[in-house]
Each structure stands twice: as C-alpha cells, then as structure tokens.
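Participant: Those protein sequence lines, which keep their order, are chains A and B. Heads up: the first sequence at position 63 corresponds to 63 in the working numbering, and the numbers run straight through without jumps. Heads up: the second sequence at position 459 corresponds to 1459 in the working numbering, and the numbers run straight through without jumps. Built from N, CA and C at the ideal position, the CB exists for glycine as well.
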Amino acid sequence: MSKYVIRQVLILIPVLLGISLVLFTILAMAPGDPFEELATNPNVPPEVRANLRAKFGLDDPIAVRYLRWFVSMMKGDWGFSFVSRVDVDTLILQRLPTSLFILGSALVLGVIIALPIGTMSALRPYSLFDQIATTFAFIGFSLPTFFTGLVFILVFSIWLDWLPFIYRADISATGWRWYWEQLRQSIMPIAVLGLFQGATLTRFMRSAVLDVIRLDYVNTARAKGLSEKTTVVKHVVRNALIPVVTLLALQVPGIFGGAIITEQIFRVPGIGSLLINSILANDTPVVMAVTFVYSALVVLSNLVADILYGWLDPRISYR
Amino acid sequence: MDEKDLRNLIDDVKAGRLGRRAFVQTMIGLGLTAPLAGQMLASAGVAHAQAGKLAYKPTKRGGGGALRTLWWQGATLLNPHFAVGTKDQDGSRIFYEPLASWDPDGTLTAILAAEIPSVQNGGVSRDGRSVTWKLKKGVAWHDGKPFTADDCVFTWEFAADPATASVSIGTYKDIKVDKIDSHTIKVTFNKPTPFWADPFVGVRGMIIPKHLFEPFKGAKSREAPTNLKPVGTGPYKFVDFKPGDVVRGEINQNYHQPNRPFFDTIEMKGGGDAVSAARAVIQTGEFDYAWNMQVEDEILKRMEQGGKGKADIVAGGNIEHIQCNFTDPTKDVDGERSSIKTTHPVLSDPAVRQALNLLVDRASVQEQIYGRTGVATANFLNEPKRFASKATRYELNIDKANQILEQAGWKKGPDGIRAKDGKKLKFLYQTSINAPRQKTQAIVKQAAARAGIDLELKSVTASVYFSSDVANPDTYTKFYTDLQMYTTTMTQPDPELFMNQFTSWEVASKDNKWQGRNITRWRNEEYDKLYRAAESELDPVKRAALFIKMNEMVIQNVVVIPVVFRPRVAAVSNRMRVEQSGWDSDFWNLANWHREG
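Written out as structure tokens, the structure is:
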C-alpha cells in the first residue's frame, strides 16, 4: 500500500510538470498582454507599455520565461500578478476561504440530499417516490449551473425580492445580523452548486444501494430478524457508501470547475472568479498558479479516491 | 469655422447669448475636447461657472449610511500611477486627489489647489513654459501628516522615474517641478506648452504622500505597502481592499471641505457583468451606483420602468467611426501589408470614399441599435452655418452616392457590383466581435449593396483585435483590410494627442511594430504643418482654430467616417445625487455625492 502511494506521488511530479508546460505554452501563445488597456489609451505613450513588458520579462522567449517561472516555483515563489502587482499566493489565500466555504457547504448540502433520497429510491425501486426523485435528479444534473443560477436570481431576487444576488465577502454588520446576512447571500450560490451535486450523487447512491440490497448477507440479516432500520443502516448503506465515497473524492475537481461560473454569476470573490478575471486580463502568473492548483487538485483527488477505496474495501489491494 | 468665428462665439458666451454648455457641445462637435473649450473661455476671461452643477444639500458631515457602488470589473490596484484601467483610477480616486479635476463642461475645478492658475492671476506664464500652482492650506493626509508642496514634487519624481514603471510617466517625464514655498509649486515644461493642465490634474494627477512612498521610488515601487493600503487626502479613508473584488472606505472626519462627505462608508464592489450590475441598481436597488453600463438601451429602458434607479448619461469624447485604408492591404511589401509604399487601388479615389460616407445610415444605427447610448454624428465637423443649430439631421443618400460613383466612372457590372479598369468595388470591412457592431456592419452593408458596392464583413475577437501582438495579422493597428470600425477615445483633456493620429510621422508600420497612431496611413503635408503650428501656438483660440481646420481636412477627405458618439452611461439609484464627467474619473466629485429623500 505505502509503496503504491509513493509510486503514485512520484508519478505526480512529471504529470504536474507536463501540465504546467502545456498551460504555460498555451498562455504564452494566446493573444494579448496584461497592459492591453494601455495600448488603446493615447495618453499612454507606447514606450510605457514596452517598458512594462520588458520589466516583467514578457518579451523573452517562451522557453526562458517558462524556466524562470519553474525555477522560482520550485523555490516556493509563485510570482506576482502583472495587473495588481500583488504576490500571487496572497491573492489566492485571500480568496480561498470564501471558495472553501461555498464549495464545502455545497458538498455537504449535496450529500444531505443524496444519501436519504438515493437510499429510499433504491429500497422501493420504481415506486412513485423513486419516479419523482429520478425525474428531479435527471433535471438537476442536466441543467448547467449557470442556467439554474440565472433562474434563481430571476425568481428570488428580481421577482420575489427576497435574496441579494451579489455576494459580499465582508459584510459590515456584526453579531447575529452578520450570520443572517451571510445566510441570505450564501443560500443561492450554495443551493445552485449543492443541488447539482446532490442530483448526481443521488443517482450514484441509488445504484450502489441497489447493488448491495440483492446480496445474500442482506437476506441473512433480514432472516436473523434484524429490524429493517438496522439492516438498511448497518448493512446496506454502509457497504453501498464505499463506491460513493470514492466517487465523491473524484467529484471534488468537478465542483471546483462548476464553481468558476457560479462564482462569476453571484460575484462570489473566490478562486474561480479570480481565474476568470485573470484570464480576461491576460495575467499569466495568476492564471498559471490557479490552474496549477486546480490540476494538482484533480491529480490528488484521484489519488485520494484510490487510497480511500483500498482502505474501505480491503479486498482490493494495490501493488 | 476660423479664429474669427470662434472669437465671435466666445463673445456670445460672454454676453450671455450662448450658454456655456452649448458652446462646449459645439466645440466637441468640431472635434475639440471640453477641457480645451473650457480653457478657451477661461483665457477670454469668461467667468468660471460655479464648479459642478451638483448642489450639495446636507448641512453636516456624515450620517448618510453606506454608499454601495458596483464596478463590473473590480479594481486590481490602488496606486493611481500604476492604474492599468479606469477601474483602478476610480478605486484610487476614492482616497487620492489631484490638484484639480475636470467637470462635465470641461471646466477645471480646484480640489487640492487653492485656485486655478491663469494668465490673469499670474499662475500661467505668458511664454507657456511654466505654471505655478498654489496649494490649499490645512489639508492633511489620512494619517494626520500635513499635505505640502513636497508631496507634489515627490509625485513627479516618483512617476517620472522610468524604474518605477508608472503608467503616468508620459505626463511627467518631460517636466520639472520645483517647490517655491511650502504651499506653492512651479511646473516647468521643456517647450512652450499651450495645454498646461495635464500634470497634477485629473486621473493622472493624483498626488501620493511622500512620507510613505519615499523609500519605494524606482525599482522597489512594487513593494510599497501603501500600494494596497492607500493613504490619501480624499473624502474617505481606507478600510479594506481585495484585488479584483472589493474596495472599502470609511468617512474622513478631517476632510478639507466643510460638511463633506455625506456617507459614513463606501464600498466599491467588482466583478460580474454589466447587465446584472444594471439590475442590481435599477431593478433591485441592492446598490446605489454602477459604472460603465455597456448595456443595450432597450434593456436599460425596460429595467427603468417602475425601477429603483435610472441610467445617467453624460457626453464624453468617444466616437464610433469607420476608417478607410489608404494603402493596399493585399500587397506584401518587405514583410508587411498595408505598407505606405503602396496606395489603395480603389479607396484612393476620393469619389469612392465620398460615396461611402453617404451610405452610412447613422440615424438607423442610433435608432435601432444604440438608442441613448450612441448619438448619431454625421461629422466631427458640421457646416459652420448649421452648427449653431443642435438639430442637425443626417441622411443616407443612396441616389447621390450612385451619382457620384457613376460620374467617377464606376459602372455597374452584370453582378450589380460597380467596377472600373477591371477593379471592383469590393471591400473587406472588419470590426471587433460585439453585437451592436455586427448590427451596424449589416446596416452599412445593405445600403452599400444598393449603390453597387459589395462589402464583405469580418469580425475579430476583441482581445485579438485590440491587442498589439506583432505576430497577429488581425489587430486594428495592422489594418489588413479595406475598412474597419471601432471606437476611438477622446477622453484625454487635450486634442493634441487625439489629432496626431493623422500625422505622417505617426504611420503604423513594421518599423515601429505597428505602434504608430496613424492607422489609416493617410498623409497630408498641409495637415502636418497645421499640427506643428498647433503644438506651439499659445493662444488657445488660435490653437482651437487650427485643430478645427485639421478636423475639416480629415472629414472633407473622408479619411474616417464618424458613426455615433458614445456617451458615458452609469446606473444610479433614484435617490442618489451624483455628477459624472466625461473627462475625468467617475469619482471626480465623490465628495459631493449624497442621497435625498
């Protein structure tokens, strides 16, 4: 097992290296530079831009720039944003808590929805409850988050005027009012992401429970005279959770991806909106850092899924 | 319109026969900027109108609660001399102030200056080589240190140092700033400069505190902690800043203007898109003010019905226009197309350009596409007789266009396209991808077809089109097509920079990496001569007359075809009292913003 983990971690290094190389090359080849707005402003002489480009090393060949980025990255220096001239790690750390709060809550919401509904559906397959749950699950994961987000805004902010649709990281209120405001502004982004996750997970949960419920040991448990509740909770759900937990780990990067758009719609100042803004501004160091974090996350969650699976189900062994 | 006409108009303003605002609008119609118009009036001794039309009602400082503003692109830094876009200038302007700002009419309004310098009060030297500013006394930085002439001198040193890599270096590099006494500075120019009100004025004029930035001049400028925690003299003090997300400030109890500001806190939230920003102000009222509403007028109007806010529109100097290429975009000479060694086989014929000018249906473009956010302008120049009347109408005249082309020998072929000597009237017409622009292209194409001109439409992603990527053939400065359309900004206070885009030494070419400002590649000796004369002409009226003459040449030769003016549009809550200026930051008059009712 530990050998397997070590091997996987070692494989990570060339994978991340490759990802960073491809990313950097694509970004370097893309048109535009961070000082574009200066180019169309006649008040700013072209020398100013040329000077800035030279100062930030944008005129060097791609290979040189990549090497420079790589070396400083190895030293733990993520560089600084060309646009705000702030260190990239500061920018990311500033926005990480907001992203984690929204994403974590969305994941929890998704699980809270998926576990009971998925299990109930599987216990009574093709019942009315199952039909309704399945329909909603299909709608839920077919609708992209940017669409549900806009519908939510239209209904709850504009028609009903219940909730604000602009998320503010620092609310000026204090005490219980702060919690109230925080709740009001977080409901929509969390619900949009959470419902999407919940819909997908419900389907996973349902099929996992269906697989388990037919097995002999479940019949044995029932034959022993265990109550239905104990059978389901202790024997069925526990075993059905094994594949679901690993799937959950695999889904984490997906949630981050979905969050990019949701953050943009609700103006949540998280990592996703940082990424979008930096892409629009051609702010290479920030784009590199954020996408690097994302790709590391993908690779890592795959690893976590592997390890979790092996740990939860000892029949599977890695060599 | 020559110098004499201008002087007559100024006399009319003096005698009260012509409104100040009407005069300024007229000058803008002639291709001048409002600040230049204001300067003409000032030099003629026309009294300054009371600065700003915004009457400030509150009788005490503070008590206004929170002011919430929305910028759909968040400020990314708060040092005005590093500001990449207007969003950064606006974010900085909450805390920092210049010596003077431009009001909507282009009148200089003193902020940190005790008075506006003029020839009459001895502030502006007669030879145009220097200007002396008297600073307001008793102004303190947010940290309590006094604001003095040293700060102005330092701001100049900071911005002019190439190692600082400031974006305002163009304003400061060729001047010298001396401290006369603790509250007087003298700005010396290296040549006679008719337009002296650029350094320390407006968005590039914000003054930074010497005591906090001194150790960070030059190469270390990025490390200054004050870059992210501004300490200025403005109406609000810094509280918090998250790049790209939010800027927060609180009331400055020691602000140098009495009873101001009104609000206790200010928030400038960034991110999202223009339409939802308009919604948050006009429909739901979550926010009080939103910047730069690049939203179709139809949508704005729908939101305004029964809404909590409205669109606030103010004239600026942005003009959507079509450029004609005077060089051949198809021929490759020494590794570049559109080289000035070639001439355009068809567009070099003035008749063709004149016909094109008659085929642009500006009225429809305004009516069907831009609404209030794009006002049809047939010309930078209007006929002198007509231009006193504001109700100038522009028609497309297909018959006349046909007639002109027919006379010039362009005959219709069997395919309905006119041709002469085997050359067809077929043009490639490019612009950036942007819904209103594609609709405009379609309107022009339709009319052109009826005159036997075939337009092939091309649209390029904005990030490519407006980039200065030397390797990309689709940038607007390369201009590898026959016609192209975009908005040229005339927001700078002085037209000199604006007008250099038609001088022969500014031609964009491979040699200057296509950074030259003359994109049409039109060259004219007389224009060059006029421009040189304007550069050193010290009498503002004579200078304005020169600029107007230059403009006339550009329009008469149909070098460009203006389509619509693009005013500045903001969304403002119905209860808010604000004042925008097309010539300065959105926050130029922030100290006077207040809420009523």
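For a cutoff of 8 Å on Cβ pairs, would you count R1386 (chain B) as touching chain A?
Facilitator: At R1386 (chain B) the pLDDT is 31, less than 50, meaning the model places this residue with poor confidence; the figure from the coordinates comes in the next sentence. False, the Cβ-Cβ gap to chain A never drops below 8 Å.
Participant: Counting pairs of Cβ atoms below 8 Å between the stretch 1218-1236 of chain B and the stretch 1121-1133 of chain B, do you hit three or more?
Facilitator: They do not touch, by the three-pair rule.
Participant: Going by Cα to Cα distance, which pick from A:D89, A:Q251 and A:V209 is closest to A289 (chain A)?
Facilitator: Among A:D89, A:Q251 and A:V209, the Cα nearest to that of A289 (chain A) belongs to A:D89.
Participant: Are the Cβ atoms of L91 (chain A) and V293 (chain A) separated by less than 8 Å?
Facilitator: Result no, Cβ atoms of L91 (chain A) and V293 (chain A) do not sit closer than 8 Å.
Participant: Check whether the stretch 1359-1372 of chain B and the stretch 1440-1451 of chain B touch, using three or more Cβ-Cβ pairs below 8 Å as the test.
Facilitator: Verdict: yes, contact present.
Participant: Using 8 Å as the threshold, is the stretch 1396-1406 of chain B in touch with the stretch 1349-1361 of chain B, meaning 3 or more CB pairs across them?
Facilitator: In short, these stretches touch, since the Cβ pair count reaches three.
Participant: Here's the rule I'm using: 16 or more other beta-carbon atoms within 10 Å means buried, otherwise exposed. How should V1572 (chain B) be labelled?
Facilitator: V1572 (chain B) should be labelled buried.
Participant: So is D161 (chain A) in contact with chain B if we call contact Cβ pairs under 8 Å?
Facilitator: Yes, D161 (chain A) counts as interfacial toward chain B.
Participant: What do you reckon, are the CB atoms on Y1527 (chain B) and T1503 (chain B) nearer than 8 Å?
Facilitator: Contact flag set, yes.
Participant: What does a CB cutoff of less than 7 Å around G1335 (chain B) pick up in its chain, not counting 5 residues either side in sequence?
Facilitator: Counting only Cβ-Cβ distances below 7 Å, and skipping sequence neighbours, we find K1510.
Participant: Do R1566 (chain B) and N1318 (chain B) have their CB atoms nearer than 8 Å?
Facilitator: Yes, these two residues count as a Cβ contact at 8 Å.
Participant: Using a C-beta cutoff of 8 Å, does S105 (chain A) count as contacting chain C?
Facilitator: Absence of chain C from the displayed structure is noted, the protein chains being A and B.
Participant: In chain order, what residues of the stretch 1239-1250 of chain B put their CB closer than 8 Å to some CB of chain A?
Facilitator: Listed by position, the residues of the stretch 1239-1250 of chain B near chain A (Cβ gap below 8 Å) are D1240, K1242, P1243, G1244, D1245, V1246 and R1248.
Participant: Identify which residue in A:V15, A:M73 and A:D313 has its Cα closest to the Cα of T246 (chain A).
Facilitator: The residue with the shortest Cα to Cα distance from T246 (chain A) is A:D313.
Participant: With 8 Å as the limit, tell me which residues of the stretch 157-191 of chain A have their beta carbon closer than that to any beta carbon of chain B; keep them in chain order.
Facilitator: Listed by position along the chain: S157, I158, D161, P164, F165, I166, R168, A169, D170 and S172.
Participant: Taking 8 Å as the threshold, find out whether the stretch 120-138 of chain A comes into contact with the stretch 167-182 of chain A through three or more Cβ pairs.
Facilitator: Because the criterion of three Cβ pairs below 8 Å is not met, the stretch 120-138 of chain A and the stretch 167-182 of chain A do not touch.
Participant: Do the CB positions of T1086 (chain B) and M1268 (chain B) come within less than 8 Å of each other?
Facilitator: Not in contact: T1086 (chain B) and M1268 (chain B) (Cβ atoms no closer than 8 Å).
Participant: Please identify, using Cβ separations under 7 Å, the residues of the stretch 1093-1116 of chain B that lie next to chain A, in order along the chain.
Facilitator: So the list is empty, because no residue satisfies the distance condition.
Participant: Have a look at the DSSP bridge pairing and note the partners of E1267 (chain B).
Facilitator: According to DSSP, which records beta bridges pairwise, E1267 (chain B) is partnered with B:R1068 and B:R1248.
Participant: Just curious, the beta strand (DSSP E) that E1320 (chain B) is in, first and last residue?
Facilitator: First-last of the beta strand (DSSP E) with E1320 (chain B): G1309 to C1324.
Participant: Just tell me which of A:N302, A:N282 and A:I242 has its CA closest to the CA of W311 (chain A).
Facilitator: Closest option to W311 (chain A), Cα to Cα, is A:I242.
Participant: For K1269 (chain B), return the contacting residues in chain A, with the cut-off set at a CB-CB distance below 8 Å.
Facilitator: Correct list: I166, R168 and R267.
Participant: Would you report the Cα separation of I1185 (chain B) and R53 (chain A), rounded to the nearest angstrom?
Facilitator: The alpha-carbon atoms of I1185 (chain B) and R53 (chain A) are separated by roughly 33 Å.
Participant: Just the C-alpha distance for R238 (chain A) and N302 (chain A), rounded to the nearest angstrom, thanks.
Facilitator: Taking the straight line joining both Cα atoms gives about 22 Å.
Participant: May I have the straight-line CA-CA distance separating E1383 (chain B) from M1550 (chain B), to the nearest angstrom?
Facilitator: Legend: pLDDT at E1383 (chain B) = 35, less than 50; position of this residue unreliable, no value from coordinates given.
Participant: Interface residues of chain A around N1227 (chain B) at Cβ under 7 Å?
Facilitator: Simply R85.
Participant: Within the same chain, show all residues whose beta-carbon is closer than 6 Å to that of V321 (chain A), passing over the 5 residues directly before and after it, in chain order.
Facilitator: Lying outside 1 to 319, the shown extent of chain A, residue 321 (chain A) is not represented and no answer is given.
Participant: What residues in the stretch 231-264 of chain A bring their beta carbon closer than 9 Å to a beta carbon of chain B?
Facilitator: Per Cβ criterion, the list reads E263 and Q264.
Participant: Given this structure, state the Cα-to-Cα distance separating V1342 (chain B) from N1512 (chain B), to the nearest angstrom.
Facilitator: In the sequence under discussion, the amino acid at residue 1342 (chain B) is Thr, which differs from the Val named in the question. Roughly 18 Å separates the two Cα atoms.
Participant: Helix, strand or coil: which one does DSSP assign to T1503 (chain B)?
Facilitator: It is coil, neither helix nor strand.
Participant: Quick check on S99 (chain A) - is its C-beta less than 8 Å from some C-beta in chain B?
Facilitator: Chain B, which has no Cβ nearer than 8 Å to the Cβ of S99 (chain A), makes this no.
Participant: Buried or exposed for K1529 (chain B), going by 16 or more other Cβ atoms inside 10 Å?
Facilitator: Classification for K1529 (chain B): exposed.
Participant: Could you list which residues in chain B have their beta carbon closer than 7 Å to that of L193 (chain A), in chain order?
Facilitator: By Cβ distance, chain B contributes nothing, its closest Cβ being about 17 Å from L193 (chain A), past 7 Å.
Participant: Could you compute how far the alpha carbon of R1532 (chain B) sits from the alpha carbon of T1059 (chain B)?
Facilitator: Approximately 51 Å, taken between the alpha carbons.
Participant: Going by C-alpha distance, which of B:N1518, B:I1028, B:V1507 and B:L1041 is nearest N1008 (chain B)?
Facilitator: Ranking B:N1518, B:I1028, B:V1507 and B:L1041 by Cα distance to N1008 (chain B) puts B:L1041 first.
Participant: With a threshold of 16 other CB atoms inside 10 Å of the CB of A1113 (chain B), please say whether the residue is buried or exposed.
Facilitator: By the 10 Å Cβ count, A1113 (chain B) comes out buried.
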